[in-house]
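Enquirer: Quick note on our numbering: the sequence shown kicks off at 1360 and runs consecutively. Virtual Cβ for every residue (Gly too), placed ideally from N, Cα, C. Bear in mind the structure is a predicted one, so any value in this text is a computation, not a measurement. Provided herewith is a single structure, encoded as C-alpha cells, for subsequent inquiry.
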Amino acid sequence: MSVLRVGNASGFYGDRFSAMREMLTDGPLDVLTGDYLAELTMLILGRDRLKDPGAGYARTFLRQLEECLGLAHERGVRIVANAGGLNPAGLADAVRTLAGRLGIPVRVAHVEGDDLTAAHPGTLAAHAYLGGFGIAACLRAGADVVVTGRVTDAALVTGPAAAHFGWGPAEYDRLAGAVVAGHLLECGAQATGGNYAFFQDGDVRRPGFPLAELHADGTSVLTKHDGTGGFVDVGTVTAQLLYETGGARYAGPDVTTRLDTVRLGQDGPDRVRVEGVRGEAPPPTLKVGLNRLGGFRNEVAFVLTGLDVEAKAALVRDQMEPVLGKVSDVRWDLVRTDRPDAPTEETASALLRLVVRDADQQVVGRALSGAAIELALASHPGFHVLAPPGKGAPYGVFEAAHVPQGTVAHVAVLHDGRRVSVPAAQDTAVLHAVPEPPLPEPLPPGPVRRAPLGLVAGARSGDKGGDANVGVWARTDDAWRWLAHELTADRFRELIPEARDLPVTRHPLPNLRALNFVVEGILGEGVAAQARFDPQAKALGEWLRARHLDIPEALL
C-alpha cells in the first residue's frame, strides 16, 4: 500500500500556534496530529473544569482549526489530536459547531472511556492511557477529524497507521514501528533540532515540525518539509527516541516496543530511516495518571550581593526561621551565581531561594510574605528580592497507577453517533527487564585529559512523574566503546550529586550507542509540585554533559 505521511503540529499545550497552518501549506500530508497533553496539562484542565463543567479541553486547538479546517478539507488531510483532554465529547461538539459556522462539511468523531476520575475519589483527574485502535475505528468509518482524551502520545500515529494499512491488534512488529514513529513525532520540533545537544550543527532558530513516512511493514522515515528550518539527522532522532523512556521494553496499551531493536540510518539530507523494530504483546494493565491538589506553594528569591554571601544567607535563614516553624515543607537553596571582582552588580550577586509548601494556604501565604518583606530595612546590607512573594498558589501532585486492561471501556464515538466498543488486548505479557546486552570492547589504555562529557556525548532528559530519565549517546563507535564502560550508574551518581542517595538504573541500548538512566524520586511528587529548580528535569542532561571526566585524548 502507499506510504502514509503523518505530521505533527503540536508537542504541548501552548506550542507554536502557526504550526498547523505551516504543516498544511509547506508540503504533502495525509494525517496531521497534535499532542496537547502532559501530566501537568491534565491538572490545568482539571482546574478549568472545576470552574466550568463544559471546559476541560485545549481551546488553542479550536482557534487553530478556525484558521485551518478549510485548508485541511481542501487538501484531504485528516486531523487527529488528543486536545479533548478531560472532555473529548465537548471538544467534538465544538468542532462541529465551528465547521457549521464556517460552512465546511467535515465528519468529526471522538474517543472516550479514559476518564476514571469517579473511581479514584480525591483526585482532580484520573485518566487511563488508551491505545490507537479507537482512533483507527473512527478513521475507518470515515472521520475527517478525530479528537481524544488521554491516549498514549504514540497512539496518535499508531491509530492512523492501523486504519490505513489494515493492521490487526496482533501485528506487534508493525505496531511497534508505528509507536517509534509516534514517539519521534510527539514532541514536535525536538526531532528537527529543537532542544538538541549539538544544536550548533544546523540552523535551529525556527525549526520546522516533523513528519514520518510510514510503510506497511512498520518501517518509517523521519523527515520534515523541504525549505523549513532545523535539521533531521541520526543524532536529533536518537535524542528524541531516548526522551522520557526507560528500559529496552517500552510498554504501551497496544504493544510493548523493543527499543533495543531500533536501527537508525541517514537516508539523505533531513531524512532518517527507522527500521528493525520488534514488538511484543502489551502488558495486562493500563497506566492511569492520577492528578490531585497537593496543597499550596510559595517562593521568594533573596538577592545577596558582594562580600560575605554565606553569612548573609545565614542571617536571612535565621530571621525567617520563626515563621517557618509551622510550614510542613521548607526548602532553601543558595545559588552561587556571583563571582569575585564582578564587572556588573548582577554578576556580583547570588540568589537564596526559599520554597515552602503546606496544606494551609495561610501558612505559606500572608504569614510568609509579610515576614520576608518586613526584612527590607532590617537584614543584610543590600537586601532586596527578585519579586515580592504572593499569597500562595495551589500545586498539584501526579501519581501513576495501573488497572487491568479489561476494566476500561474504550469507546470510539463515530461521526454519525454510533458507539463502537474497542476490545482490550487479548494476548498480554507481564513486563520484565531485558537482560543486559554485551558491551563493546573497551578502548585500549592511552593518555587522557580532564574535559566535559559533552565534548564526546549528547544527552536529553525529561520527567515521568517523580522520576527523571537521562539518555546519553555517543557520536562515534570509539566514543561508545569508552562511554559504555565509563558511565556506570555509580559514576552517574558521582557526577549528579542529587542522585547519590536515589535508585539509578542504567539501560544500555547498543544499537543506538546509548545509555538510558532512570533516576527514581528526583522530582518528588512530579512537575506540578515544583519541588526542584528544574521541575521537569529538562536540563539534567545538559548538567551531566557539563561535568568533567578523564576522557581519552583520542576522542577529543
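(1) Look at residue 1817 and residue 1834 and say whether their C-beta atoms are less than 8 Å apart.
(2) According to DSSP, is residue 1889 part of a helix, a strand, or is it coil?
(3) Give me whichever residues DSSP pairs with residue 1419 in a beta bridge.
(4) Taking 8 Å as the cut-off, decide whether the C-beta atoms of residue 1867 and residue 1874 are in contact.
(5) Quick check: is the beta carbon of residue 1755 nearer than 8 Å to any beta carbon in chain D?
(6) Less than 7 Å between C-beta atoms, sequence neighbours within five positions excluded: which residues of the same chain meet that for residue 1748?
(7) Measure the CB-CB distance between residue 1489 and residue 1510 and report whether it falls below 8 Å.
(8) Starting from the Cα of residue 1430, find the closest Cα among 1712, 1465, 1452, 1865 and give me that residue.
(9) Could you check what DSSP says for residue 1758 in three-state terms: helix, strand or coil?
(10) Going by DSSP, what residues sit across from residue 1811 in a beta bridge?
(11) Along the chain, where does the alpha helix (DSSP H) containing residue 1599 start, and where does it finish?
(12) Rounded to whole angstroms, what's the CA-CA distance from residue 1553 to residue 1630? Just pull it up for me.
(13) Taking the CB atoms as reference points, tell me whether residue 1638 and residue 1534 lie closer together than 8 Å.
(14) Could you pull the DSSP bridge partners for residue 1571 from this structure?
(15) Let me know if residue 1369 comes out buried or exposed under the rule of 16 or more other beta-carbons within 10 Å of its beta-carbon.
(16) Whose C-alpha, out of 1738, 1655, 1643, is nearest the C-alpha of residue 1725?
(17) Measure the Cβ-Cβ separation of residue 1609 and residue 1821 and say whether it is below 8 Å.
(18) Which residues in the same chain have their Cβ closer than 6 Å to the Cβ of residue 1878, if we skip the five residues on either side of it in sequence?
(19) Please classify residue 1542: does DSSP put it in a helix, a strand, or coil?
(20) Taking three-plus beta-carbon pairs below 8 Å as touching, is the stretch 1608 to 1623 in contact with the stretch 1710 to 1717?
(21) Consult DSSP for residue 1682 and reduce its assignment to one of helix, strand or coil.
(22) Could you check where the alpha helix (DSSP H) with residue 1867 kicks off and where it finishes?
(23) Anyone know if the C-beta pair for residue 1483 and residue 1650 falls short of 8 Å?
(24) With DSSP collapsed to three states, give me the class of residue 1414.
(25) Judging by CA-CA distance, which residue of 1705, 1645, 1570 is the nearest neighbour of residue 1363?
(26) Flag this pair as yes or no: are the beta carbons of residue 1596 and residue 1573 separated by less than 8 Å?
(27) Is it buried or exposed for residue 1905, if we count other Cβ within 10 angstroms and need 16 for buried?
(28) Taking the beta carbon of residue 1384 as the centre, do at least 16 other beta carbons fall within 10 Å, making it buried, or is it exposed?
(29) Tell me the residue span of the beta strand (DSSP E) that contains residue 1438.
(30) Per DSSP, residue 1655 forms a beta bridge with which residues?
(31) Take every Cβ of the stretch 1799 to 1812, pair it with every Cβ of the stretch 1880 to 1898, and state whether three or more of those distances are shorter than 8 Å.
(32) On the criterion of 16 or more Cβ atoms from any shown chain inside 10 Å, does residue 1559 qualify as buried, or is it exposed?
Expert: If we stick to the structure as given:
(1) Yes, the pair counts as a contact, with Cβ atoms nearer than the cut-off.
(2) In this structure, residue 1889 counts as coil in the three-state DSSP scheme.
(3) Paired residue(s): none; residue 1419 is not in a bridge.
(4) In this structure, residue 1867 sits near residue 1874, with a CB-CB distance shorter than 8 Å.
(5) No chain D is present in this structure, which holds just one protein chain.
(6) Correct list, in chain order: 1657, 1658, 1659, 1727, 1728, 1731.
(7) Closer than 8 Å, so yes.
(8) Relative to the Cα of residue 1430, the nearest Cα in the group 1712, 1465, 1452, 1865 belongs to 1465.
(9) Residue state, collapsed to three classes: strand.
(10) Beta bridge pairing from DSSP links residue 1811 with 1907.
(11) Its alpha helix (DSSP H) spans residues 1593 to 1601.
(12) In a straight line, the C-alpha of residue 1553 is about 16 Å away from that of residue 1630.
(13) Here residue 1638 is near residue 1534, since their CB atoms are less than 8 Å apart.
(14) Beta-bridge partners assigned by DSSP to residue 1571: 1365, 1581.
(15) It is buried - the Cβ of residue 1369 has at least 16 other Cβ atoms within 10 Å.
(16) Here the closest residue by C-alpha is 1655.
(17) Not closer than 8 Å, so no.
(18) Counting only residues of its own chain and dropping the five nearest sequence neighbours on each side, residue 1878 has a CB closer than 6 Å to the CB of 1827, 1858, 1861, 1863.
(19) Helix, per DSSP.
(20) Short answer: they don't touch.
(21) Residue 1682 falls in the helix class under three-state DSSP.
(22) Segment 1863 to 1868 is the beta strand (DSSP E) holding residue 1867; no alpha helix (DSSP H) there.
(23) Cβ distance < 8 Å, so residue 1483 and residue 1650 count as in contact.
(24) Coil at residue 1414, not helix or strand.
(25) Between residue 1363 and the set 1705, 1645, 1570, the nearest pair of CA atoms involves 1570.
(26) Not closer than 8 Å, so no.
(27) Counting Cβ neighbours within 10 Å, residue 1905 comes out exposed, since fewer than 16 surround it.
(28) It is exposed - the Cβ of residue 1384 has fewer than 16 other Cβ atoms within 10 Å.
(29) If you look at residue 1438, you'll find it in the beta strand (DSSP E) that goes 1437 to 1440.
(30) Per DSSP, 1717, 1753.
(31) The stretch 1799 to 1812 is not in contact with the stretch 1880 to 1898.
(32) The residue is exposed, with fewer than 16 neighbouring Cβ atoms inside 10 Å.
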